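Enquirer: The structure follows.
Here's what the structure looks like:
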């Protein structure tokens with residue numbers, strides 16, 4: 232990379248500015264750590280003297296070389312001067328630790344702008360300000376001003392932690408390090424004045440020592456750029472994200488139904504799914520998911536063999552595996568007779584050799600070895616969950632090695648749930664060192680299985696998608712002029728242009744007389760006007776018109792009640808499953824396609840799914856599968872529906888959205904009736920961003 | 232208690248039968264522990280000699296006294312002889328450790344029956360067989376054959392653990408003891424040949440040293456007895472239950488809709504809610520819920536103040552507090568200006584003094600003390616969540632004491648989430664010793680708040696229910712004869728007798744002619760026959776009959792197509808919200824009332840709730856609130872419904888169920904239409920258990 236990011240993350244030389252000999256000072260804590268690194272180290276402090284055995288230079292100018300990286304262990308004010316000096320000298324990268332910038336209000340914001348101005352036009356890159364900085368165990372780079380007795384440092388591993396919050400990341404590293412969880416890097420980007428999460432993702436996507444990206448974000452520096460990177464990285468390395476701030480009320484206009492259903496973080500959720508991100512909600516979940524993906528290959532199917540030495544453990548684990556709430560809705564493997572015989576022959580007579588396999592509190596090393604060996608050969612088993620209480624007398628530390636042996640050298644992935652205290656602490660360290668995923672609660676262990684299954688599913692999907700035909704954005708562009716308010720007739724005409732089914736219709740403009748009607752009864756008469764958003768409430772819809780006589784009355788009635796507006800006369804559509812489809816502008820990610828069950832269901836059960844424009848057929852299919860009411864589209868109670876036609880419609884609405892990418896605020900097709908032969912939009916509304 | 236349970240749980244004298252001097256033997260491990268107890272201890276082994284400094288008597292007969300409790304550390308076979316001897320001598324209680332009984336098959340079952348026969352007619356009580364037995368820290372009674380180096384023993388505390396699985400309980404005690412979690416007792420009842428969970432609940436309900444009952448069950452020894460005890464105990468002490476085995480497919484007949492919706496463990500869930508049990512799913516959850524309830528009072532409202540030293544911690548915690556999925560759907564407290572000023576005056580200028588309150592990584596003892604002090608005074612705060620990373624340099628161990636001070640002596644309950652490694656292990660021990668509920672993940676901390684809120688809500692409900700009028704079981708008994716298959720007409724007649732609204736109707740028996748009809752059009756004509764369960768599919772329902780002419784045709788049509796059966800002529804009911812109401816027999820708990828949204832919704836969204844017969848109006852109200860679609864009954868989109876009428880109907884269906892307690896297999900009222908003025912059962916079916 233020519234952008235000096237490598238100088239930040241793999242420097243050859245580092246200077247600590249604001250270094251101090253005085254214990255407890257930030258500049259001392261940082262220097263104490265940095266001197267142990269595998270790079271040349273310098274220390275700067277105008278007071279002179281020495282610190283950590285190094286001479287304290289008066290200024291960065293005085294160093295024998297221009298260092299790759301300067302760590303500024305200074306308050307906000309002095310940080311500016313030091314940064315200026317570094318930039319002038321051509322230092323490649325700076326870590327600005329100090330808080331007191333934009334996060335504190337107007338004065339801090341101005342200070343941060345000054346720092347930004349300095350950087351402009353230079354080659355120097357800056358991490359922060361307001362950050363704990365970096366921890367790269369492989370080269371001993373550690374800028375966290377946290378004393379060793381307050382924070383355990385992780386060993387070198389293959390997980391990169393990229394975090395907007397330093398405290399979250401160091402808290403998790405510290406508690407995970409107790410059991411030996413290791414990382415390739417932690418980078419806290421704080422106020423991300425210069426370097427943001429996206430650039431760091433680019434780096435760790437290519438870093439051969441990193442297999443998993445574990446991220447914490449409160450907002451996105453560049454949402455589109457983030458999604459684009461995820462799409463690029465996810466086929467090669469998993470991206471796990473804890474996106475905080477999800478409870479904040481969405482700032483969206485809610486004039487249309489689609490808008491009100493897009494509340495909270497549902498659009499974010501759709502965008503992340505679409506980009507292949509694995510989403511988590513707690514910091515422990517973040518590290519758990521990262522760890523299992525860093526240690527074990529994904530699984531293609533999810534038939535679980537549960538091995539245990541306590542009946543209760545096996546039952547609770549099985550509940551979580553087979554149930555949905557709470558649980559992962561997977562399956563217990565059906566063991567072959569051969570497998571059962573092998574296990575039974577090594578076990579005590581009262582062991583329960585089914586699945587879960589309970590070797591009882593008498594479990595010893597030989598039984599365990601035999602059982603794990605037998606499970607490797609069983610084609611009906613995709614993954615092994617070993618839930619092991621360490622209390623029984625026969626269990627000794629050699630058992631840990633037996634488990635590690637099979638987890639690393641066996642043909643099946645394995646998850647371990649060790650239950651206990653002191654021995655388990657030691658066991659966890661051994662498991663983590665050997666890259667065996669172990670979790671100290673049954674639920675966390677079962678969730679780890681789910682993570683591997685999700686990753687496997689995603690990879691299969693990406694694989695399959697490669698064979699998908701390239702989707703052109705529908706040759707025909709709609710001719711509707713954005714900006715001007717439009718009635719239902721115009722919206723439907725535009726939909727028809729892009730190939731969306733709408734009822735056959737004619738329109739009567741004001742003053743026009745009713746002529747011969749080339750439509751089949753029964754008909755519907757509607758007022759079509761940009762001013763009337765909620766027609767039904769105003770009795771602007773007359774259904775079930777059976778003949779010419781009724782039609783004339785309906786038109787007269789409509790004209791008598793509405794002074795303006797066109798009259799739309801449509802063929803009445805037959806029954807089917809009612810859906811709502813729409814487009815909605817999200818303040819973060821832009822235009823999203825929405826789909827949900829129609830009627831009151833979408834709203835009552837919040838049963839809707841979102842994807843960002845543009846979507847593929849595969850995305851549309853996933854959107855439907857995500858709905859809890861999906862069964863309705865799969866022949867539920869014998870109801871026939873043109874599910875493919877609905878997918879087609881969703882993709883066309885996405886095309887429609889592409890044409891009006893910057894113009895549409897919200898669009899509702901409500902309902903779309905999915906009939907046995909076709910999906911048809913029976914009502915349609917649009918709100919433009921402007922106009 | 233005169234039933235010798237006290238002799239088991241608080242013995243004055245204990246003999247270990249099968250005691251051994253040989254290290255590693257079960258009889259040695261147990262004796263090693265038992266000799267430390269606060270009671271007289273004897274040891275029996277026919278080989279003689281000494282063990283743990285005690286003489287080994289040849290037999291229980293040879294002891295200087297008849298001991299209260301005999302712990303049989305023997306294999307299954309010898310257990311019988313030893314038990315016989317103890318029973319003959321009048322030993323008050325026995326713990327039978329050995330496995331190899333009914334859990335292993337027919338031979339073991341026969342052995343267990345023999346043991347049961349011995350006990351019959353005696354005063355001796357037996358715990359087990361197939362159990363780890365007991366751990367009562369307060370008196371040093373410990374029969375678990377788990378060596379000290381494999382299992383940490385908890386200190387004396389106020390949580391009683393009653394468990395069907397020994398391994399689950401000791402695993403949890405061991406891992407919890409690492410952080411100093413304490414208990415009043417663990418009792419594993421294994422195969423519960425004699426003493427079961429219900430009797431133990433009775434004991435610990437009265438035990439002054441126990442404040443919380445934490446239970447693990449795979450099945451119920453006496454389901455009705457369990458529920459009855461819960462109802463009695465819950466007003467005084469929380470009962471928390473991990474009910475395992477929930478994924479097992481229900482063994483219910485599914486001929487009616489109600490039956491198919493009662494699958495998996497939804498009925499269990501309804502029964503447990505009704506009895507006030509707090510249900511959990513993981514062992515960690517079990518101990519977490521027990522601990523917070525043992526340490527802190529319940530809360531009446533749930534406005535949470537979040538205090539932290541890391542912005543990210545505060546945001547993640549707030550997400551869990553305010554969101555529903557995942558989250559607890561509670562509220563962040565709005566802090567008073569006074570509170571904010573007090574906190575700000577002690578904090579650094581760049582601290583964020585809103586809610587969450589982020590004192591930043593610069594948090595020190597004085598700031599923390601000031602913030603906790605200020606929060607005590609704020610009437611808008613119900614509970615404090617303190618999420619604290621232990622990594623920053625200014626944090627020292629005195630902070631733990633400050634937190635303990637406010638948690639114990641402040642006016643607000645407090646939950647602590649300490650994040651870190653070595654210091655946190657120590658801190659957890661101090662917190663637990665001081666009865667301050669602390670949890671090492673944010674989500675667990677937030678769940679603890681929810682547990683206190685749920686307990687508060689339950690106590691308020693129980694309090695309010697005391698003022699409820701006594702509900703009589705509806706003076707009128709239905710006259711329907713159970714057992715014989717019945718058509719819709721007869722079922723509805725019976726419903727009318729107990730006061731359930733059904734449409735006005737007449738019936739035409741086979742051969743009867745259509746006379747003048749005292750009903751208002753439009754009408755519905757239905758075939759009413761016990762043989763035809765699914766009328767609609769067989770076109771046995773003709774709707775919207777507008778006049779006499781159409782009626783005659785409909786009757787003729789019906790008669791031409793159905794050889795047998797009555798013809799039911801009903802007034803057609805107006806529109807409303809469609810519900811399904813029913814009764815279903817659960818193989819464990821008996822007859823349950825069911826309620827859900829009608830149409831396809833109940834089935835698609837599994838949106839149903841259950842309670843055991845009989846229910847109160849309050850139960851019925853709760854059933855409705857539990858439905859995700861509950862809004863539909865609360866004026867959603869201006870829809871008017873007689874919600875009180877629906878509650879009335881549910882209670883009457885419960886009364887109906889009481890009359891036919893042993894007779895009804897399943898009953899469907901589908902739909903019940905909840906109109907603005909009344910709730911009316913439009914269709915009704917019954918299946919009897921026999922007939």
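Protein chains in written order, with the working numbering: chain H, 232 to 922; chain C, 232 to 922.
We put the CB at the ideal spot given by N, CA and C, even for glycine.
Everything numeric in this text was worked out from a predicted model, so none of it was measured.
1. Would you say residue 370/H and residue 268/H are within 9 Å of each other, going by their C-beta atoms?
2. Would DSSP call residue 387/H helix, strand or coil?
3. Starting from the C-beta of residue 401/C, find all residues in its chain whose C-beta is less than 7 Å away, skip the five residues before and the five after it, and write them out in chain order.
4. Look up residue 281/C in the DSSP assignment and say whether it is helix, strand or coil.
5. Starting from the N-terminal side, write out each stretch of the beta strand (DSSP E) that is 3 residues or longer and does not extend beyond the region 630-703 of chain C.
6. Listing by chain order, which chain H residues have their CB less than 8 Å from the CB of residue 540/C?
7. Quick test of the definition: if touching needs 3 or more C-beta pairs under 8 Å, does the region 786-796 of chain C touch the region 859-878 of chain C?
8. Using a beta-carbon distance cut-off of less than 7 Å, what residues from the region 232-262 of chain C approach chain H?
9. State the CB to CB distance for the pair residue 425/H and residue 389/H, rounded to an integer number of angstroms; the pair is presumed to be in contact (CB under 8 Å).
10. Below 9 Å on C-beta distance, what does residue 865/H contact in chain C?
11. Just mark residue 913/H as buried or exposed, buried being the case when its beta carbon has 16 or more other beta carbons within 10 Å.
12. So, does the CB of residue 836/C fall closer than 9 Å to a CB anywhere in chain H?
13. Taking Cβ positions only, does residue 375/C come closer than 9 Å to chain H?
14. Check the DSSP bridge columns for residue 436/C and list the partner residues they point to.
15. Spatial neighbours of residue 609/H within its chain, please: C-beta separation below 8 Å, excluding the five flanking residues on both sides.
16. For residue 765/H, decide whether its Cβ has a neighbour in chain C, counting only Cβ atoms nearer than 9 Å.
17. So if I threshold CB-CB distances at 7 Å, which residues from the region 560-590 of chain H count as touching chain C?
18. What are the boundary residues of the beta strand (DSSP E) that residue 238/H is part of?
19. Find the nearest neighbour of residue 895/H within the set 904/H, 741/H and 844/H, judged by alpha-carbon distance.
20. Which residues in chain H sit within 9 Å of residue 639/C, going by Cβ to Cβ distance?
21. When the Cα atoms are used, what is the spatial distance from residue 659/H to residue 283/C?
22. Rounded to whole angstroms, what is the Cα-Cα separation between residue 576/C and residue 596/C?
23. For the beta strand (DSSP E) containing residue 733/C, name the first residue and the last one.
24. Under 6 Å Cβ to Cβ from residue 829/C, same chain only, skipping five residues before and after it: list those, please.
25. Let me confirm a value: residue 253/C is counted as buried when at least 16 other C-beta atoms fall within 10 Å, else exposed. Which label applies?
26. Say whether chain H places a C-beta atom closer than 9 Å to the C-beta of residue 304/C.
27. Are the C-beta atoms of residue 523/H and some chain C residue less than 9 Å apart?
28. Whose C-beta lies closer than 6 Å to the C-beta of residue 594/H among residues of the same chain, with five residues either side of it excluded?
29. Reducing DSSP to helix, strand and coil, say where residue 382/C ends up.
30. Counting C-beta neighbours from all protein chains within 10 Å, is the total for residue 295/C 16 or more, i.e. buried, or is it exposed?
31. What are the residues of the region 769-786 of chain H that lie near chain C, defined by any Cβ-Cβ distance shorter than 9 Å?
32. Taking only three categories from DSSP, how would you classify residue 447/H?
33. Between the alpha carbons of residue 777/H and residue 807/H, how many angstroms are there, rounded?
34. Measure from the C-beta of residue 831/H to each C-beta in chain C and report whether the shortest distance is under 9 Å.
35. Write down the C-beta distance between residue 514/H and residue 474/H rounded to the nearest angstrom, noting that I regard them as a contact closer than 8 Å.
36. Spatial neighbours of residue 310/H within its chain, please: C-beta separation below 7 Å, excluding the five flanking residues on both sides.
Expert: Quick answer:
1. Going by C-beta atoms, residue 370/H is nearer than 9 Å to residue 268/H.
2. Looking at residue 387/H - three-state DSSP - the assignment turns out to be strand.
3. Around residue 401/C: 363, 375, 377 and 382.
4. In the three-state reduction of the DSSP assignment, residue 281/C falls in the strand class, which pools E and B.
5. Segments of the beta strand (DSSP E) lying fully in the region 630-703 of chain C: 645-650.
6. Contact of residue 540/C with chain H by beta-carbon distance below 8 Å involves 398.
7. The region 786-796 of chain C makes no contact with the region 859-878 of chain C, as fewer than three CB pairs between them are under 8 Å.
8. Taking 7 Å as the Cβ-Cβ cut-off against chain H, the residues of the region 232-262 of chain C that qualify are 255 and 260.
9. Distance from residue 425/H to residue 389/H at the Cβ level is roughly 27 Å; contact not present, criterion being Cβ atoms closer than 8 Å.
10. Within 9 Å of the CB of residue 865/H, no CB atom of chain C is found; the nearest one sits about 11 Å away.
11. With 16 or more other Cβ atoms within 10 Å, it is buried.
12. Yes, because at least one Cβ of chain H sits closer than 9 Å to the Cβ of residue 836/C.
13. So, interface residue.
14. Note: residue 436/C sits in no beta bridge, so no partner.
15. Correct list, in chain order: 536, 564, 566, 567, 569 and 570.
16. No - not a single Cβ of chain C is within 9 Å of the one on residue 765/H.
17. Cβ contacts with chain C come from 581.
18. Run containing residue 238/H: none in the beta strand (DSSP E); it sits in the alpha helix (DSSP H), 236-240.
19. Comparing Cα positions, the closest option is 844/H.
20. The contacting residues do not exist; residue 639/C stays about 25 Å from chain H at best.
21. Rounded to the nearest whole angstrom, the C-alpha separation of residue 659/H and residue 283/C is 35 Å.
22. Using only the alpha carbons, I get a separation of about 14 Å.
23. Under the DSSP assignment, residue 733/C falls outside any beta strand (DSSP E); it carries neither an H nor an E label.
24. Cβ contact annotation for residue 829/C (same chain, cutoff 6 Å, sequence separation greater than five): 809, 810, 811 and 902, in chain order.
25. By the neighbour-count criterion, in which a residue is buried when 16 or more other Cβ atoms sit within 10 angstroms of its Cβ, residue 253/C is exposed.
26. At a cut-off of 9 Å between beta carbons, residue 304/C makes no contact with chain H.
27. At least 9 Å separates the CB of residue 523/H from every CB of chain C.
28. The answer, listed in chain order, is 540.
29. The three-state reading of DSSP puts residue 382/C in coil, since its state is none of H, G, I, E or B.
30. When all chains shown are included, residue 295/C counts as exposed.
31. So the list is empty, because no residue satisfies the distance condition.
32. Reduced to three states, the DSSP call for residue 447/H is strand.
33. Cα to Cα, residue 777/H sits roughly 20 Å from residue 807/H.
34. With 9 Å as the cut-off, residue 831/H counts as an interface residue toward chain C.
35. Not really, about 12 Å apart at Cβ, beyond 8 Å.
36. So the list reads 303, 327, 329 and 360, once near-sequence residues are dropped.
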